[in-house]
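Engineer: Respectively, the protein sequence lines represent chains A and B.
35 is the number that the working numbering gives to position 32 of the first sequence; each next residue is one higher, with no gaps.
152 is the number that the working numbering gives to position 103 of the second sequence; each next residue is one higher, with no gaps.
Can you read through this structure? Questions will come right after.
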Amino acid sequence: GESVGLHLPTLSVQEGDNSIINCAYSNSASDYFIWYKQESGKGPQFIIDIRSNMDKRQGQRVTVLLNKTVKHLSLQIAATQPGDSAVYFCAEKETSGSRLTFGEGTQLTVNP
Amino acid sequence: ETGVTQTPRHLVMGMTNKKSLKCEQHLGHNAMYWYKQSAKKPLELMFVYSLEERVENNSVPSRFSPECPNSSHLFLHLHTLQPEDSALYLCASSQDWLTDTQYFGPGTRLTVL
């Protein structure tokens, strides 16, 4: 069946470095993708989204890249801060469908 | 309050108890969702309500019973749960059922003894 997964379960970076979190998806019909951040004891928080007609989208300190050829999604966080420590997971969806499919998540740890 | 709120935040119950989880959204959305989040597993969709009508029931055991009295409130009634039901239960809402972005509440951490 379709699945969305992340390449690494954990990622540890130094404060101030850039972070890259990856996600692979298998449903070629997916045309909408979201990154969520989940801090300990909290619910997932929307970070940024991208549609399949785009390759790149930038937000505040975050950039999402989409490579439809290899069905790969990445989240780049610039100048990573301790407050960025959390689990990050991607979700994908077909616009014509109703269900978001979530990946397992990557635990990002930012070391001071 | 703004966003999506959930109560209680933590719940411990025995297998013979009956309890309810409550979710309220203050975003004017028309669709609401229940998800189960277990350790090291992706979010599992349980139920979807659109305009107070259940539109998806994702093969969830009958010991979980949802209720949506209006578009702002969603309940999950629990009875005779099993220890493996212990998890974080998340509520989410979106503008419409087919709208892409879902916004989550903080979750209820449920422990079944």
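Backbone N, C-alpha and C define an ideal beta-carbon position, used for all residues, glycine too.
1) If you draw a straight line from the C-alpha of A/L9 to the C-alpha of B/T157, how long is it?
2) Report back the beta-carbon spacing between A/A81 and A/N21 to the nearest angstrom; my notes put them in contact at under 8 Å.
3) Using a Cβ cut-off of 8 Å (strictly closer), state whether B/K71 contacts chain A.
4) I want to know whether the segment 127–146 of chain B touches the segment 100–118 of chain B - three or more CB-CB distances under 8 Å.
5) Taking 6 Å as the limit between beta carbons, can you name the residues of its chain near B/M81, skipping five residues before and five after?
6) Mind checking A/E95: buried by the 16 CB within 10 Å criterion, or exposed?
7) Check whether the Cβ of A/L103 lies closer than 8 Å to any Cβ atom in chain B.
8) Hey, is B/L92's beta-carbon within less than 8 Å of any beta-carbon in chain A?
9) Step through the CB atoms of chain A and report whether any lies within less than 8 Å of the CB of B/Y138.
10) Over what stretch of residues does the beta strand (DSSP E) that includes A/D52 continue unbroken?
Structural biologist: Let's see:
1) Taking the first residue of the first sequence as 1, we reach residue 9 of chain A at position 6. Taking the first residue of the second sequence as 1, we reach residue 157 of chain B at position 108. Note that A/L9 scores a pLDDT of 47, beneath 50, so its modelled location is shaky; the value from the coordinates is reported in the next line. Each residue's Cα considered, the two are about 25 Å apart.
2) Translated into the one-based positions of the first sequence, residue 81 of chain A becomes position 78. Translated into the one-based positions of the first sequence, residue 21 of chain A becomes position 18. With 8 Å as the limit, A/A81 and A/N21 qualify as a contact, their Cβ atoms being about 5 Å apart.
3) Along the second sequence, read from residue 1 onward, the residue named residue 71 of chain B stands at position 22. Chain A contact via Cβ: absent.
4) The segment 127–146 of chain B is in contact with the segment 100–118 of chain B.
5) Residue numbering aside, residue 81 of chain B sits at position 32 when the second sequence is read from its first letter. Cβ neighbours of B/M81 within its own chain (closer than 6 Å, five residues either side excluded): Y98, L123, S142.
6) Residue 95 of chain A sits at position 92 when you count from the first residue of the first sequence. Flag for A/E95 reads buried.
7) Here residue 103 of chain A refers to the residue found at position 100 when the first sequence is read from its first residue. Closer than 8 Å to some Cβ of chain B, the Cβ of A/L103 qualifies, so yes.
8) Within the second sequence, numbered from 1, the residue matching residue 92 of chain B stands at position 43. Yes, because at least one Cβ of chain A sits closer than 8 Å to the Cβ of B/L92.
9) Here the question's residue 138 of chain B lines up with position 89 in the second sequence. Answer no: the Cβ-Cβ gap between B/Y138 and chain A never drops below 8 Å.
10) Looking up residue 52 of chain A in the first sequence gives position 49. Per DSSP, A/D52 belongs to the beta strand (DSSP E) from 48–54.
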